[in-house]
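One structure is given here, and the rest of the page talks about it.
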Amino acid sequence: MGEVVNVLVAVAVIVLVVRWASSGNKENGGAPSPSAVLGFRPRNVTPEMVETVHNMFPDIPSDNIRYDLLRTGSVEQTSNKILERGFLPAPPPAYYTVYPRTAEAPGPAQPPAAGPGPNATAGSSKAKKTDNLIARYHLEGRASSTSIGAAPEEAGGKAAWEDTPEKREASLRERKARMILAARERLLAQQAKIAGSASS
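Okay, here's the thing in structure tokens:
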């Protein structure tokens, strides 16, 4: 009986030594694994997956999209989460140690670092276009011809859950367009009121 106990103890010690040695090799070989840093096992995420979600929701930063995709592994789940919440939480600081920050388009407070050339003019014209919501969502034709006559909150209306993702996306796009047009009308009315009071 004593020999069986000795054999079991010896096997347990060997297993522990092998595990310790193999984990030591991984740590010495390079950076810690992404699952150890993030606290969960990341799924495989391709740039196309990030680009697909970013094209549907250009307001959401790419890092937020990638972090959520690492958790879910599904474009549909991430898109539904954005539709339900309206945002995606920012990744924790540990995320940036494994996945460096993605280069976003420079905003108005951050001038482009590129020298003069065709790329510099293309970047500045792109920044000008995205400043205007009407141009960004391609509502130029509707802005001049339609009159919403409602507050932005009312113009969006209550969303009905559609059957297919395509219909849900189209419904969301239409609600955004109505809210933007209603906000524009309110701004124009406010500007007209200020101009009228200034002239009198």
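Residues -23 to -1, 1 to 177 in mature numbering (1 follows the signal peptide of the UniProt record, and there is no 0) are what the sequence shown lists, from first letter to last. Glycine included, every Cβ here is placed at the ideal spot set by N, Cα and C. Note that the structure is predicted; figures quoted are calculated from it, not measured.
Return the first residue and the last residue of the alpha helix (DSSP H) that residue i is part of.
| i | result |
| --- | --- |
| residue 18 | Where residue 18 is concerned, there is no enclosing alpha helix (DSSP H), given that its DSSP letter is neither H nor E. |
| residue 43 | 39 to 49 |
| residue 152 | 142 to 176 |
| residue 53 | 52 to 62 |
| residue 70 | 70 to 75 |
| residue 31 | 24 to 33 |
Should residue i go down as buried or exposed, given a rule of 16 or more other Cβ atoms within 10 Å for buried?
| i | result |
| --- | --- |
| residue 34 | buried |
| residue 82 | Any reading at residue 82 must be qualified, since the residue scores a pLDDT of 46, below 50, and its modelled position is unreliable; the value itself is stated next. It counts as exposed. |
| residue 15 | buried |
| residue 23 | exposed |
| residue -23 | exposed |
| residue 141 | exposed |
| residue 154 | buried |
| residue 84 | With a pLDDT of only 41 at residue 84, under 50, the local geometry of the prediction cannot be trusted, and the value read off the model is given with reservation. Per the 10 Å Cβ criterion, exposed. |
| residue 73 | exposed |
| residue 159 | buried |
| residue 30 | buried |
| residue 93 | Low confidence applies to residue 93: its pLDDT is 46, below 50, so where it sits in the model is not reliable, and the reading given next is rough at best. Label assigned to residue 93: exposed. |
| residue 19 | buried |
| residue 56 | buried |
| residue -15 | exposed |
| residue 162 | buried |
- [ ] Evaluate the contact criterion for the stretch 64 to 76 versus the stretch 43 to 55: three or more CB pairs, one atom per stretch, below 8 Å.
- [x] yes
State whether the stretch 32 to 44 contacts the stretch 55 to 65, with contact taken as three or more CB pairs (one from each stretch) at a distance under 8 Å.
yes
Can we say the stretch 51 to 61 touches the stretch 135 to 151, given the rule of at least three CB pairs closer than 8 Å? yes
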